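What follows is a set of notes on a single structure, which appears directly below.
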Amino acid sequence: MIADKTTSQPADDYDIYTAVYDIFYNAHIDTETLESVWKSSWTHVLEIGVGTGRLIPYYQKKHLLKYVGLDVSPKMIDQIDKRLLNDTYACFCMSIRDYHSQDKFELIHYSYNTFNYILSVAEASQELSKCVELLTDDGVILLDMTFPGCVTRGISPDYQIREQVTEGHITHLLKCKDAYDTDNKIETRYLKYIKLEVNQLIEELNWTSNRRFYPLLDLLQIADSVGLSIVSYNTYGDKELFFGSYEGYFVFFEKKPF
């Protein structure tokens with residue numbers, strides 16, 4: 283039995299990310315993975331956790347017949363370059379559980395660590411069950427899962443620099459400290475954004491972020507319960523940070539055969 287927790291990440295916490303998202307989170311290795319498995323028959327794609335639209339240009343190069351991006355943060359959706367959107371490429375502020383479409387998708391993609399923000403096993407099951415409804419019979423679901431930093435490198439009770447970006451006289455710092463609920467596998471991160479100009483503080487933001495650690499076996503149990511079976515799985519270690527690195531795994535699921 284998987285321990286459960288029933289509170290998902292509030293949209294307000296996502297909204298704060300809009301101030302820093304494109305500064306620190308503008309690249310990831312997901313496009314390499316997508317490119318390695320891409321099929322020309324994939325013409326309908328649903329991306330969950332579209333954020334500020336980082337992956338939309340990649341998907342536009344695929345000349346899809348339909349792309350839909352979902353995100354629960356209205357501020358994230360508002361940040362998307364409207365020039366990227368049209369009748370074929372559309373984004374909506376909602377959960378997949380509230381999304382309805384008569385179209386089916388060959389690829390449903392939970393972008394980087396989006397699924398980790400689902401803190402409840404019950405909600406995770408509901409989301410994957412909805413994916414099954416929206417998936418073509420030969421389609422796949424891609425989950426880009428993170429290994430929480432406190433799991434891979436240990437808990438950091440004091441603020442440490444996680445990222446630093448310098449643009450001329452401006453320095454952007456992202457600091458983090460964390461805690462971990464071992465029973466529910468919930469990582470709580472206390473994040474601090476600091477903007478400096480020639481070492482003078484000009485802006486500071488503080489927010490809290492909760493993510494759930496889904497070991498593969500837990501995820502397989504949830505997927506199996508809604509009629510999904512694993513296609514492939516591989517781990518990754520992304521770019522090095524000031525402490526630790528982005529580590530996680532890509533896992534593809536498909537519908538079980540009848």
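Going from the sequence shown to this note's numbering is simple: count from 1 and add 282. Quick reminder that beta carbons are idealized off the backbone N, C-alpha and C, glycines included. Note that the structure is a prediction, hence the values are computed from the model and not measured.
Neighbour-count burial assignment, ASP460, 16 or more Cβ in a 10 Å radius: buried
Enclosing beta strand (DSSP E) for SER491 [first to last residue]: 482-494
Simplified DSSP assignment, three categories, for ARG444: strand
Buried versus exposed, by CB contacts within 10 Å (16 or more), VAL403: buried
DSSP-derived helix/strand/coil call for THR300: coil
Cα-Cα separation, GLU409 to ARG494: 15 Å
Distance cut-off 7 Å: ASP369 Cβ against heavy atoms of the ligand ADP: This structure simply doesn't include the ligand ADP, nor any ligand for that matter.
Residues near PHE374 in its chain [Cβ-Cβ closer than 6 Å; skip 5 each side]: LEU352
Local conformation of ARG336 per DSSP, three classes: coil
Exposed unless 16 or more other CB atoms sit within 10 angstroms - verdict on PHE524: Confidence is the limiting factor: at PHE524 the pLDDT is only 41, short of 50, which leaves the residue's position unreliable, though a coordinate-based value still follows. Under this definition PHE524 is an exposed residue.
Close Cβ partners of TRP324 (< 6 Å) along its chain, the five nearest in sequence each way excluded: GLU388 and LEU389
Residues of its chain near ILE298, where Cβ-Cβ distance is below 7 Å and the 5 sequence neighbours each way are ignored: LEU487 and TRP489
Separation of ALA406 from TYR381, as counted between CA atoms: 15 Å
ILE311 - DSSP class collapsed to helix/strand/coil: coil
Cβ-based burial, SER355 [other Cβ within 10 Å; buried from 16]: buried
Beta carbon of PHE535 nearer than 8 Å to that of SER507: no
Residue-level contact to chain B via CB, THR453, 8 Å cutoff: Any reference to chain B falls outside this structure, which holds one protein chain only.
Element boundaries [alpha helix (DSSP H), containing LEU502]: 498-507
Cα-Cα separation, THR300 to ASP420: 35 Å
For VAL354, the three-state DSSP class (helix, strand or coil): coil
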